[in-house]
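This report concerns only the one structure given below.
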Amino acid sequence: MSATPSLDAAIHNSGPSRRFCVAPMMDWTTSHYRYLARLLSRNTLLYTEMVTTGALIHGDTERFLRHDPAEYPLALQLGGSNAGELAHCAKLAEQFGFNEVNLNVGCPSDRVQNNMIGACLMGHPDKVAEGVSAMIEATSLPVTVKHRIGIDGRESWDDLCEFIEKVAAAGCRTFIVHARIAILEGLSPKENRDIPPLKYDWVYRLKETYPELEIIINGGIKTFDECHEHLERTDGVMLGREAYHNPWLLAGVDAEFFGDAAPSRSRHEALRAMYPFIESELERGVFLTHMSRHLLGLFHGVPGGRQFRRYISENAHKPGAGLEVIQTALEKVREPERSAIAEA
Ligand SMILES: Cc1cc2nc3c(=O)[nH]c(=O)nc-3n(C[C@H](O)[C@H](O)[C@H](O)COP(=O)(O)O)c2cc1C
């Protein structure tokens, strides 16, 4: 099942560059993390945490879709499988200003499996195709799919090709491929991000088999050297955990992959640039810890970084904690001399 799919279905606009992306990560890629990420890279495409169609339709829509325009380019990730609901939520994504809408076909959690959300949908390619087609009909935003290379019981190359071909025939042109299967019986979501072996060659083979599709590779990528290697065989890279634990990595992305200057010249400068946003969020009633936990990685591997993290961890949760906690924590790390900033 490796024939080129019919792509007669409308291939809509391809949207923002996906050469370098930060993965959707529940509780991690919140608006606060994304704001920091954007201060480090203008070109990286950021993804929201997954939001289920049920939460958007029956819950506090404004709260779930809240973001700052400074975060663009930004993709909204949806979890769901009902075509009508997906179409409705794709429309909402456009109304709220997102630059792309992405469907989650990779999350292996039990909770979502029961609702036909996430990786279990790899076993229902027709359902995914139907959902994608409804989303494309409903919005002019690019509609993309993030998925695994298989699930237990459906892990052959032909199964993967059937999935891609059906979803591509529905009009999806961009596939973000986490290069391992998800084992739905017996592994936790966390184990499912580490235990099934990575098979990058499968993702390369997808690009060779379907050169007209945009194939973005994800899973276990940590360094720019690795990114360059993948970019020789695919159209883009998506980093998750490394981009979260070591966000300063993003400060090199614009120069390395887009031939552009980086927006922040030092970690200190980036953090200071975030102060007005932190203050306005505090005024809105957001607790400092909800923001500061996403800043802990900024001084990863830097002398003083541990003291920075410790000060925030010990103080940010205290009642009334405000921006001064971040300012004092920042003083724990020596600011590089101007001449050293360029090499940092
Ligand atoms: C804390 C956490 C939450 C995640 N939440 C989502 C999610 O909401 N949607 C999704 O498609 N993937 C989610 N993932 C998976 C990542 O998007 C990514 O596919 C996976 O971590 C592999 O990439 P990495 O090795 O670069 O981290 C999550 C991963 C982590 C660590």
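The working numbering numbers the first residue of the sequence shown as 1009 and each following residue consecutively.
We put the CB at the ideal spot given by N, CA and C, even for glycine.
Using only the alpha-carbon positions, how far apart do residue i and residue j sit?
{"i": "Ala1091", "j": "Ala1142", "result": "6 angstroms"}
{"i": "Ala1337", "j": "Glu1345", "result": "19 angstroms"}
{"i": "Leu1015", "j": "Gly1293", "result": "In this prediction, Leu1015 has a pLDDT of 37, which is less than 50 and means its spatial position is unreliable; what the coordinates show is noted afterwards. Each residue's Cα considered, the two are about 48 angstroms apart."}
{"i": "Lys1230", "j": "Val1030", "result": "12 angstroms"}
{"i": "Glu1291", "j": "His1096", "result": "32 angstroms"}
{"i": "Met1033", "j": "Phe1307", "result": "21 angstroms"}
{"i": "Arg1026", "j": "Met1058", "result": "18 angstroms"}
{"i": "Leu1047", "j": "Tyr1319", "result": "23 angstroms"}
{"i": "Glu1108", "j": "Phe1171", "result": "21 angstroms"}
{"i": "Val1151", "j": "Thr1182", "result": "8 angstroms"}
{"i": "Ala1270", "j": "His1075", "result": "22 angstroms"}
{"i": "Ala1415", "j": "Glu1339", "result": "What is shown of the chain runs 1009 to 1352, which leaves residue 1415 out entirely."}
{"i": "Thr1012", "j": "Leu1206", "result": "With a pLDDT of 34 at Thr1012, under the threshold of 50, the modelled position of that residue is not reliable, and the figure given next carries that caveat. If I take the Cα positions, the gap works out to 25 angstroms."}
{"i": "Gln1315", "j": "Thr1056", "result": "30 angstroms"}
{"i": "Val1153", "j": "His1325", "result": "37 angstroms"}
{"i": "Tyr1252", "j": "Met1246", "result": "12 angstroms"}
{"i": "Leu1149", "j": "Arg1213", "result": "27 angstroms"}
{"i": "Glu1102", "j": "Thr1147", "result": "7 angstroms"}
{"i": "Gly1087", "j": "Pro1311", "result": "40 angstroms"}
{"i": "His1020", "j": "Leu1258", "result": "Low per-residue confidence applies at His1020: pLDDT is 41, beneath 50, and the placement is therefore not dependable, though the value from the model is reported in the following sentence. Near 29 angstroms, if we compare the C-alpha coordinates of Leu1258 and His1020."}
{"i": "Ala1178", "j": "Gln1085", "result": "18 angstroms"}
{"i": "Met1299", "j": "Leu1195", "result": "31 angstroms"}
{"i": "Phe1266", "j": "Asn1051", "result": "7 angstroms"}
{"i": "Ser1049", "j": "Val1261", "result": "6 angstroms"}
{"i": "Ala1063", "j": "Lys1099", "result": "15 angstroms"}
{"i": "Pro1219", "j": "Arg1241", "result": "10 angstroms"}
Could you tell me whether any non-hydrogen atom of ligand 1 is closer than 7 angstroms to the CB of residue i?
{"i": "Lys1207", "result": "no"}
{"i": "Glu1057", "result": "yes"}
{"i": "Gln1315", "result": "no"}
{"i": "Pro1255", "result": "no"}
{"i": "Cys1235", "result": "no"}
{"i": "Leu1247", "result": "yes"}
{"i": "His1308", "result": "no"}
{"i": "Ala1190", "result": "no"}
{"i": "Trp1036", "result": "yes"}
{"i": "Pro954", "result": "Nothing can be reported for residue 954: it is not among the residues displayed for the chain, which extend from 1009 to 1352."}
{"i": "His1186", "result": "yes"}
{"i": "Arg1201", "result": "yes"}
{"i": "Asn1226", "result": "yes"}
{"i": "Asn1112", "result": "yes"}
{"i": "Cys1115", "result": "yes"}
{"i": "Lys1326", "result": "no"}
{"i": "Ile1229", "result": "yes"}
{"i": "Gln1335", "result": "no"}
{"i": "Gln1085", "result": "yes"}
{"i": "Lys1099", "result": "no"}
{"i": "Met1033", "result": "yes"}
{"i": "Glu1108", "result": "no"}
{"i": "Lys1154", "result": "yes"}
{"i": "Glu1277", "result": "no"}
{"i": "Glu1250", "result": "yes"}
Per the DSSP calculation, residue i is bridged to which residue(s)?
{"i": "Val1151", "result": "Val1109"}
{"i": "Tyr1319", "result": "Paired residue(s): none; Tyr1319 is not in a bridge."}
{"i": "Arg1162", "result": "Ile1159"}
{"i": "Cys1029", "result": "Leu1053, Met1246"}
{"i": "Ile1184", "result": "Lys1154, Ile1224"}
{"i": "His1060", "result": "His is not the amino acid found at residue 1060; the sequence shown has Thr there. Answer is Gly1087."}
Continuous beta strand (DSSP E) assignments of at least 3 residues falling wholly in the stretch 1077-1124: 1082-1087, 1108-1113
Any alpha helix (DSSP H) of 4 or more consecutive residues that is wholly inside the stretch 1186-1255: 1208-1217, 1232-1239, 1249-1253
The stretch 1104-1113 in contact with the stretch 1136-1153 per 3-pair CB rule at 8 angstroms: yes
contact_flag[the stretch 1215-1231, the stretch 1190-1197] where n(CB pairs < 8 angstroms) is 3 or more: no
Segment contact, 8 angstroms Cβ cut-off, at least three pairs: the stretch 1233-1242 with the stretch 1162-1181: no
Within the stretch 1272-1313, ranges of the alpha helix (DSSP H) (whole runs, at least 4 residues): Those alpha helix (DSSP H) runs which fall completely within the stretch 1272-1313 and span 4+ residues are 1275-1281, 1283-1291, 1296-1300.
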